[in-house]
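Since the structure comes first, as structure tokens, the remarks are kept for the end.
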Amino acid sequence: MNNYDVVVIGAGPGGYVCAIQASQLGLKTAIVEKQYMGGVCLNVGCIPSKALLKNASVAHLLRKEAKTFGFKFDNLELDYSAAVKRSRKVSGRLTAGVDFLMKKNKIDVFNGSAVLEAGKVVAVTDGDGKEEKIGYQNVVLATGAHSFTPPGWEVDGKKVLSYTEAILQETAPKSVVVIGGGAIGVEFSTVWSGYGVDVTIVEMQDHLVPSEDEDAVKVLAKALKKRGVKALVSTKVEKIETTKSGVKVTVSNADGTQELVAEQALVSIGFKPNVQNLGLETVGVKLTDRGFVEIDDSMKTNVDGVWAIGDVTGKLMLAHAASAMGMACAKNIAGKEAKPIDYRFIPRAVYSTPQVASFGYTEAQAKDAGFDLAVGTFNFQVNGKALGLDEGEGFVKILSDEKTGEILGASMVGPDVSELIPELVLAHNEELTAEEVAHAIHAHPTLSEVVMEAAHGVHGLPIHS
Numbered sequence: 137m138n139n140y141d142v143v144v145i146g147a148g149p150g151g152y153v154c155a156i157q158a159s160q161l162g163l164k165t166a167i168v169e170k171q172y173m174g175g176v177c178l179n180v181g182c183i184p185s186k187a188l189l190k191n192a193s194v195a196h197l198l199r200k201e202a203k204t205f206g207f208k209f210d211n212l213e214l215d216y217s218a219a220v221k222r223s224r225k226v227s228g229r230l231t232a233g234v235d236f237l238m239k240k241n242k243i244d245v246f247n248g249s250a251v252l253e254a255g256k257v258v259a260v261t262d263g264d265g266k267e268e269k270i271g272y273q274n275v276v277l278a279t280g281a282h283s284f285t286p287p288g289w290e291v292d293g294k295k296v297l298s299y300t301e302a303i304l305q306e307t308a309p310k311s312v313v314v315i316g317g318g319a320i321g322v323e324f325s326t327v328w329s330g331y332g333v334d335v336t337i338v339e340m341q342d343h344l345v346p347s348e349d350e351d352a353v354k355v356l357a358k359a360l361k362k363r364g365v366k367a368l369v370s371t372k373v374e375k376i377e378t379t380k381s382g383v384k385v386t387v388s389n390a391d392g393t394q395e396l397v398a399e400q401a402l403v404s405i406g407f408k409p410n411v412q413n414l415g416l417e418t419v420g421v422k423l424t425d426r427g428f429v430e431i432d433d434s435m436k437t438n439v440d441g442v443w444a445i446g447d448v449t450g451k452l453m454l455a456h457a458a459s460a461m462g463m464a465c466a467k468n469i470a471g472k473e474a475k476p477i478d479y480r481f482i483p484r485a486v487y488s489t490p491q492v493a494s495f496g497y498t499e500a501q502a503k504d505a506g507f508d509l510a511v512g513t514f515n516f517q518v519n520g521k522a523l524g525l526d527e528g529e530g531f532v533k534i535l536s537d538e539k540t541g542e543i544l545g546a547s548m549v550g551p552d553v554s555e556l557i558p559e560l561v562l563a564h565n566e567e568l569t570a571e572e573v574a575h576a577i578h579a580h581p582t583l584s585e586v587v588m589e590a591a592h593g594v595h596g597l598p599i600h601s
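If you count the sequence shown from 1, you need to add 136 to reach this note's numbering.
So, in structure tokens, the structure goes:
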């Protein structure tokens, strides 16, 4: 039986990064993956969806904005299957890259399902049923999560979809009901509406992307409406039925009950951790009340030598959060100092059109927490680069503690704001104030000037408003 310092179970963005870091720190490392290297993110999640969003952006421009840019078509043909095939190529290239990184870092890869056994042993069973046992000093659970489907709802993969079927199907539906207005629901709505699909979003909370700043989401909701997307908020799904031609979704809200008829429905209302059939009960790993693996600030579970990172912990279900946890976990296993992660201040992004990005507190959360706020807001509509892109919707909002000057968070909505948020994350982490961000000279013309102007605005001194 092979023995390892570290065995990582799950090769998603958390697991493979943890394995690389562990190997770099001189630990003999193995990784176990039962489906595909790179996990959900690289294969059927964040990466292929961004490729689809790019195609959808071009499709929407040619369908709806061509005249603005001086384009004219007699017979425009859009091939959705070509977009999906391109997304698969992008995904394949990156997953092959993960395979290469495993070899480069001398990490042994075991393909199969892993089960923890007593005595610090992992049993790995491959697709042919062959079992191999490997020993470990430390094992890292990086098994991720899967789509949550309420009891009584049947995801058949054809008429009622999870994100997996939605991202792989090569034909766009003519009409779709998107159940759940979070990041996944809004991003698929952006893709499909770009191709002219009739999209209706149903969200139980009182606004789309409920975790984000309400002012930012209002801009997003207006943009989606302009694209033809209908959104029903404060609305509950009572029932989903399949019909000969598609689906019938019964919903209810303050206006009563209605039936939504469409070709397909996408269920995107949350995730549950992948904790089943791992042998966690055998070794005594404790779960939270919500069913996630319980960890401390160092990623340790209650069992000696068992650690956990990423979605399976429920801390913050984002790929980059999992990667950060993976690196910190490897350092802690190796006895190196790893800075504790403050999950509130990890950046978040929704890759809709326009994009939404944030970190830290929203304005409402900061007020509820009792902070005396200084708020700086600046709009993209007066930014030269944004106008040149014909994407002047949105703003940057920076929150600062009026007493200390500490940056408490930021919310952005507009073009490529996912690329702008790291500047403020870095400023917060290095304890810079909004004034110091404002005094950093930003290139002109750039979208980042809106960040600079919002930072000036925290102290009531924006230049261009």
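The beta-carbon is built from N, C-alpha and C at its ideal position, and this holds for glycine as well.
So residue i is in the beta strand (DSSP E); what residue range does that whole segment cover?
i      : result
Gln394 : 392 to 398
Trp443 : 442 to 444
Asp141 : 138 to 145
Ser193 : Counting along the chain, Ser193 falls outside any beta strand (DSSP E), though it belongs to the alpha helix (DSSP H) covering 182 to 196.
Ile167 : 165 to 169
Gly496 : 491 to 496
Ala546 : 543 to 550
Glu268 : 267 to 277
With DSSP as the reference, label residue i as helix, strand or coil.
i      : result
Ser459 : helix
Phe205 : helix
Ile156 : helix
Tyr331 : coil
Asn247 : strand
Val257 : strand
Thr371 : coil
Val311 : The identity of residue 311 in the sequence shown is Ser, whereas the question assumes Val. If DSSP states are grouped into helix, strand and coil, Ser311 belongs with the strands.
Leu402 : strand
His282 : strand
Glu529 : coil
Tyr299 : helix
Val176 : helix
Glu589 : helix
Asp351 : helix
Pro558 : helix
Asp504 : helix
Leu360 : helix
Gly512 : strand
Gly520 : helix
Val365 : coil
Ser488 : coil
Would residue i pass as a contact of residue j if the rule is Cβ separation under 8 angstroms?
i      : j      : result
Leu297 : Val403 : yes
Lys408 : Gly427 : yes
Val594 : Leu556 : no
Pro551 : Val355 : no
Glu348 : Ser494 : yes
Val275 : Val143 : yes
His578 : Glu585 : yes
Ala278 : Lys269 : no
Asp508 : Asp478 : no
Tyr116 : Gly255 : The chain is shown only over 137 to 601; residue 116 falls outside these bounds and no answer can be derived.
Ala502 : Leu535 : yes
Val421 : Asn438 : yes
Val387 : Thr371 : yes
Gln157 : Ala466 : yes
Lys366 : Val335 : yes
Val549 : Gly530 : yes
Ala352 : Ser547 : yes
Check each candidate in the options and name the one with the smallest Cα separation from residue i.
i      : options                        : result
Phe514 : Ala470, Val180, Ile599, Gly206 : Ile599
Ala281 : Gln412, Gln501, Gly596         : Gln412
Gly174 : Asp342, Ala232, Gly321         : Ala232
Val486 : Gln157, Leu178, Leu189         : Leu189
Ile543 : Ala505, Ala570, Thr437, Gly248 : Ala570
Leu304 : Ala357, Lys361, Asn179, Lys310 : Asn179
Pro149 : Glu290, Leu237, Val429, Gly524 : Leu237
Ala359 : Arg222, Ile183, Ser488         : Ser488
Leu198 : Leu163, Asp215, Ala187         : Asp215
Let me confirm a value: residue i is counted as buried when at least 16 other C-beta atoms fall within 10 Å, else exposed. Which label applies?
i      : result
His196 : buried
Asp425 : exposed
Glu417 : exposed
Arg484 : buried
Val313 : buried
Glu566 : exposed
Thr449 : buried
Pro558 : exposed
Over what stretch of residues does the alpha helix (DSSP H) that includes residue i continue unbroken?
i      : result
Met238 : 216 to 240
Asp447 : Per DSSP, Asp447 belongs to no alpha helix (DSSP H) and is neither H nor E.
Ile577 : Premise fails: Ile577 is in no alpha helix (DSSP H) and is neither H nor E.
Thr418 : 416 to 419
Can residue i be considered in contact with the ligand ATP, in the sense that its beta carbon sits closer than 7 angstroms to one or more heavy atoms?
i      : result
Met461 : This structure lacks the ligand ATP; in fact it carries no ligand of any kind.
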